[in-house]
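Note that this note's numbering has the sequence shown beginning at 561, numbered continuously upward.
No residue lacks a Cβ here, since even glycine has one placed at the ideal position from N, Cα and C.
The model shown is predicted, which means the values in this text are computed figures rather than measured ones.
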Amino acid sequence: MGTVIEVSGIIKKLFLKDEQSCPLEVDTDLLQSGICDSLGLVILSAELERAYPSLQIFDQEIHRENFGSIRKILKFLEEKKVEIKE
């Protein structure tokens with residue numbers, strides 16, 4: 561499974577331009593807070609697939625319940641049994 565640091569790093573790189581001062585907690589709602597929109601979730605899912613080669617995300621899995629926060633993303637990755645690169 562991915563780690564908080566890895567996933568938050570991907571989100572910051574994609575949507576916050578590596579902005580370190582932006583408060584991004586594990587339960588921050590990515591959509592409600594304006595960090596990304598529904599198209600952003602698609603972009604995020606593609607980046608996660610690049611970061612974790614064993615991960616395959618289907619279109620119907622890209623929604624708020626799986627990608628709405630870092631905690632939800634980590635849970636999704638755990639359910640998909642993603643192997644992380646050490």
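Practice problem: Quick one: residues in its chain with C-beta nearer than 7 Å to the C-beta of S629, no 5 flanking neighbours on either side, listed in chain order? | Solution: V586, D587, T588, D589 and L590
Practice problem: Starting from the C-beta of K632, find all residues in its chain whose C-beta is less than 7 Å away, skip the five residues before and the five after it, and write them out in chain order. | Solution: E625 and N626
Quiz item: Got a sec: does the ligand ZN put a non-hydrogen atom nearer than 7 Å to the Cβ of G569?
Solution: For the ligand ZN, the structure offers nothing, since it holds no ligand at all.
Self-check item: Under 8 Å between C-beta atoms of L615 and K635
Solution: no
Self-check item: Closest residue to I622 among K572, Q592 and G600 (Cα-Cα distance)
Solution: G600
Quiz item: Going by beta carbon distance, what residues of the same chain come within less than 8 Å of I570, once the five residues before and after it are set aside?
Solution: L604, E607, L608 and A611
Exercise. Could you check the C-alpha separation between L574 and I565 for me, to the nearest Å?
Key: 14 Å
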